[in-house]
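Peer 1:
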Amino acid sequence: MPESIQTPVPAADELAAQVLLLAQSRLTADLRFLSSALEQLKPIPVPALDTLFAGDGRCLYYCPETLLRTFRAQQSVPTRALLHVTLHFLLGHPFQRQEMDHRLWSLACDMAAEFLASRMLGLTLQDDAAKAFYALEP
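Printed below as a string of structure tokens:
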């Protein structure tokens with residue numbers, strides 16, 4: 001009887017890098033015009049990061065453990081989150097230098113990025129969310 005062949009399991013960091021590459025590939029396949037923007041972001045694992053993705057316009061920081069846990073729970077979330085953060089950069093959201101309420105600015109930017117991400121992925125908004133985006137009264 002032949003011995004079973006043991007295939008080495010990649011380390012968590014390597015698996016997370018593969019998940020990130022898969023998310024980038026999915027976006028590039030579905031939204032080709034984003035390919036150069038996605039290629040410009042240098043992925044850097046940051047185990048202590050308290051969110052899925054963050055960045056500064058040149059680097060894309062990610063927590064390998066959070067990325068893997070998120071991917072296991074729902075495989076589409078890393079792709080959508082990557083689109084969301086990429087849109088922030090393309091729209092110049094992190095680069096505003098004016099005096100403003102940064103909490104409100106961040107919320108407004110998140111709403112804009114999420115609205116665009118939803119539309120780009122062909123998703124529709126629920127009635128209440130659509131009203132908020134279009135500033136309609138309930």
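If you're matching positions, the sequence shown starts at 1 in the numbering used here and goes up one per residue.
Heads up, the beta-carbon is just placed ideally off N, CA and C, and yes, glycines get one too.
Expressed to the nearest angstrom, what Euclidean distance is found between the alpha-carbon atoms of L21 and P45?
Peer 2: About 13 Å.
Peer 1: If you drop the 5 nearest sequence neighbours on each side, which residues of the same chain put their C-beta closer than 6 Å to that of L49?
Peer 2: Correct list, in chain order: Y61 and C63.
Peer 1: A11 by DSSP, collapsed to three states: which one?
Peer 2: A11: coil per DSSP, three-state reduction.
Peer 1: Figure out for me which residue from A37, M111 and A23 has the closest Cα to the Cα of L68.
Peer 2: Nearest C-alpha to L68: A23.
Peer 1: Tell me which residue opens and which closes the alpha helix (DSSP H) that L121 is part of.
Peer 2: First-last for L121: undefined, no H or E at that position.
Peer 1: By how many angstroms is the C-alpha of L123 removed from the C-alpha of P138?
Peer 2: At P138 the pLDDT is 43, less than 50, meaning the model places this residue with poor confidence; the figure from the coordinates comes in the next sentence. Rounded to the nearest angstrom, the two C-alpha atoms are 21 Å apart.
Peer 1: Quick one: is A117 buried, meaning 16 or more other Cβ sit within 10 Å of its Cβ, or exposed?
Peer 2: With 16 or more Cβ atoms within 10 Å of its Cβ, A117 is classed as buried.
Peer 1: From the DSSP output, read off the bridge partner residues of G55.
Peer 2: DSSP output for G55 lists L60 as bridge partner(s).
Peer 1: Mapping DSSP to helix, strand and coil, what is P47?
Peer 2: Reduced to three states, the DSSP call for P47 is coil.
Peer 1: Is the CB-CB distance between A37 and T86 below 8 Å?
Peer 2: Yes, the pair counts as a contact, with Cβ atoms nearer than the cut-off.
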